[in-house]
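Colleague: Position 87 of the sequence shown, counting from 1, maps to 87 under the UniProt record's numbering, and the rest follow consecutively. Ideal Cβ positions, reconstructed from N, Cα and C, are used throughout, including at glycine.
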Amino acid sequence: MRAETSLYISMTDETNLLSAVSPQPFSLDGAEWPTAEHYVLAMQFEDPALMAEIRSSLDPQQARKLAKRHKRKIRSDWESVRRVYVTRAVYTRCLSHPESAQALLETGDKRIIESSLYDYYWGCGRDGRGLNTYGEVLMDVREKLRSVAAVSAV
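1. Would you grab the beta carbon distance between Lys73 and Asp47 for me? Rounded to a whole angstrom, and I think it's under 8 angstroms.
2. Tell me whether Leu41 sits in a helix, a strand or coil according to DSSP, three-state version.
3. Below 8 angstroms CB to CB, which residues in the same chain sit around His38 once its five sequence neighbours on both sides are set aside?
4. Check the DSSP bridge columns for Leu28 and list the partner residues they point to.
5. Assuming Ala20 and Tyr134 are in contact, meaning their beta carbons sit under 8 angstroms apart, how far apart are those beta carbons, in whole angstroms?
6. Leu131 to Ser115, Cα distance in whole Å?
7. Relative to the C-alpha of Lys71, which candidate in Met43, Ala89, Ala149 and Thr87 has its C-alpha closest?
8. Alpha carbon to alpha carbon, how far is Lys144 from Leu50?
9. Among Ser76, Ala89 and Glu136, which has the Cα closest to the Cα of Gln24?
10. Using the rule of at least 16 other Cβ atoms within 10 Å of the residue's Cβ for burial, across every protein chain shown, is Ala36 buried or exposed?
11. Looking only at C-alpha atoms, which of His97, Ser6 and Ser22 sits nearest to Asp13?
12. With a Cβ-Cβ cutoff of 8 angstroms, do Lys110 and Leu7 count as a contact?
13. Taking 8 angstroms as the threshold (C-beta atoms), are Leu28 and Ala103 in contact?
14. Leaving out five residues on either side along the sequence, give the residues of the same chain with a beta carbon under 6 angstroms from the beta carbon of Glu136.
15. How many angstroms separate the CA atom of Ser76 from the CA atom of Arg82?
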């Protein structure tokens, strides 16, 4: 029997501990964030008032709508820094919520794929040729958690 080599997840599945919208609050950059999605959406902007409004949105969907309404104000370097912000959010969330870190570590060596049909940057896209950046971030954080655990064990 062959083990599955890939794990498909959705960034928008609130019940999955690896999802960006999983309700696992964490502190980062001097503020408390309800989800990784709230943090990443707010980091698209430089206006502190808009960032605070996104952070205080009731849920990730409301935060997303608010960010879309202000898309003309997205910082000019967003394309080059967005992966860094997602990585920071996921890693910090894992440090704040051991069950999230454990869920990520339990994926073993599986390739994690964000199964969005429409997103070719964060997900795999309809034809599977997307960049799968969210899946790559999860695998990077998994490696970081493993190396930190290995150093602590010594």
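Modeller: Taking the definition as stated:
1. 6 angstroms
2. helix
3. Ile54, Arg55, Ser57, Pro60 and Ala63
4. Ala31
5. 7 angstroms
6. 11 angstroms
7. Met43
8. 32 angstroms
9. Ala89
10. buried
11. Ser22
12. yes
13. no
14. none
15. 11 angstroms
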